[in-house]
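Note that my numbering has the sequence shown beginning at -16, numbered continuously upward. Beta carbons are placed, not taken as given, at the ideal position from N, Cα and C, and that holds for glycine. First up is the structure itself, then whatever we jot down about it.
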Amino acid sequence: MGRKPIDSEPTRWAPLVLLLMGIVSCTVVYIFASMVMRPSNESLEIVGEHGGDDEGLGRESGKCCRGMENLELWGAAVKWGSQFKFNSSEECCRACKAMCTGNDGPCLCDTWVFCGNQGACGSQYGECWLKKQKDTLAPERQEAGNKVSWTSGLIFGKGEGIVGLETEYGTLHIKLFPDCAPYSVAYILELLNVRHCAGCQFYRAESRGHIWDSQGNHLKDASFGPPFALVQGTLEAQGITFRKIPTEVCPDIRRGSVAWIGSGPEFFISLANHKEWKKSYTVFGFVLTEDMEIVEKIASLTTKRDVWNNINVSVLENPVPLRIRRIEKATA
């Protein structure tokens, strides 16, 4: 019987070399995205959905189905958990989404509550309660804390979950993604109770330049910045203790995306589709298409050059104050 020939040295090592090259490439992209953003006011270190298509953004956020652990939201029951059980919180969330098509206004179900800890839940293990809130921007809470065995989440239907980011140049209407970023959205809802949001502002503004077209699409053979096609600011309001928000990733960064930098409270609104950033940032909402002209206006304001961690950036000469407020009626 003939002996199987031994692979030559280059052939043996080729898969390993290709794997290492792939890892290095991904790492370079992540580091670059991290360098162009600034994570907080306490440090000057830089940590670095579909273009103008609200419906498309909604579809992308629809891929998410997350909730907040150790929280029991209240509300009128539309499905009783004692007769409605699943194996995971995601299945419970999707059951609520199935009652909310997004085409006919408010959802029949906008809140789901699931008990997934078999030891703590006992006979209630697997129960999925589907509920309806009186006010989706101020959901009722029954209990919260480490002793609570429930996981809860919100679903915003058409025209719901819209908040206004008010500036001197107009109000940006932002559709929130509680199913993608429940902890992020919980903080935004908390800010609705702040009258002035003192300290909240945009402080950086960079246009699309000659890198992206008006729809946010990257132009062939162009660089990826600077400029980086974004406006950046902070949502840390005086009087509210800011707690770092855990990473919550779902949609990619697209024109109109609103996302945290790191764990917040610094955030940005993207003017372009940043596929090169992969899923480096938590997207918690998007700006409605008709309001993107306001973002473009802010991006065109007078800036001065600065260097953050060897990256050239454009900082607004006069920061733009902002305030978050409720929007009672909307069309998205």
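At what residues does the beta strand (DSSP E) containing residue i begin and finish?
i           : result
residue 306 : 306 to 309
residue 135 : 133 to 137
residue 186 : 184 to 189
residue 240 : 240 to 243
residue 62  : 59 to 62
For residue i and residue j, what's the separation of their Cα atoms in angstroms?
i           : j           : result
residue 179 : residue 299 : 21 Å
residue 208 : residue 239 : 18 Å
residue 210 : residue 143 : 34 Å
residue 182 : residue 84  : 38 Å
residue 27  : residue 141 : Interpretation of residue 27 is limited by its pLDDT of 29, a score under 50 that renders its predicted location unreliable; the figure taken from the coordinates is listed afterwards. So the two alpha carbons sit approximately 39 Å from each other.
residue 176 : residue 306 : 11 Å
residue 138 : residue 47  : 11 Å
residue 252 : residue 75  : 31 Å
residue 106 : residue 112 : 14 Å
residue 166 : residue 129 : 15 Å
residue 212 : residue 108 : 47 Å
residue 303 : residue 155 : 13 Å
residue 121 : residue 250 : 23 Å
When we look at the beta-carbon of residue i and count the other beta-carbons within 10 Å, is it buried (16 or more) or exposed?
i           : result
residue 278 : buried
residue 116 : buried
residue 81  : exposed
residue 256 : buried
residue 189 : buried
residue 245 : buried
residue 199 : buried
residue 114 : buried
residue 6   : For residue 6, the predicted structure reports a pLDDT of 49, less than 50, and the residue's modelled location is therefore unreliable. The matter cannot be settled from this model.
residue 49  : buried
residue 63  : exposed
residue 32  : Residue placement at residue 32 is flagged as unreliable, the pLDDT there being 32, under the threshold of 50; the coordinate-derived value follows with that caveat. With 16 or more Cβ atoms within 10 Å of its Cβ, residue 32 is classed as buried.
What are the residues that DSSP puts in a beta bridge with residue i?
i           : result
residue 127 : 54
residue 257 : Paired residues: none, contrary to the question.
residue 289 : 296
residue 268 : 159 and 241
Starting from residue i, trace the alpha helix (DSSP H) in both directions and tell me its first and last residue.
i           : result
residue 102 : 101 to 104
residue 72  : 72 to 80
residue 151 : Residue 151 -> no alpha helix (DSSP H), and no H or E assigned at all.
residue 174 : 165 to 174
Could you round the C-beta distance between residue i and residue j to whole angstroms and report it? I think they count as a contact, below 8 Å.
i           : j           : result
residue 146 : residue 310 : 6 Å
residue 289 : residue 258 : No, residue 289 and residue 258 are not in contact; Cβ-Cβ is about 26 Å, not under 8 Å.
residue 186 : residue 216 : 6 Å
residue 134 : residue 52  : 5 Å
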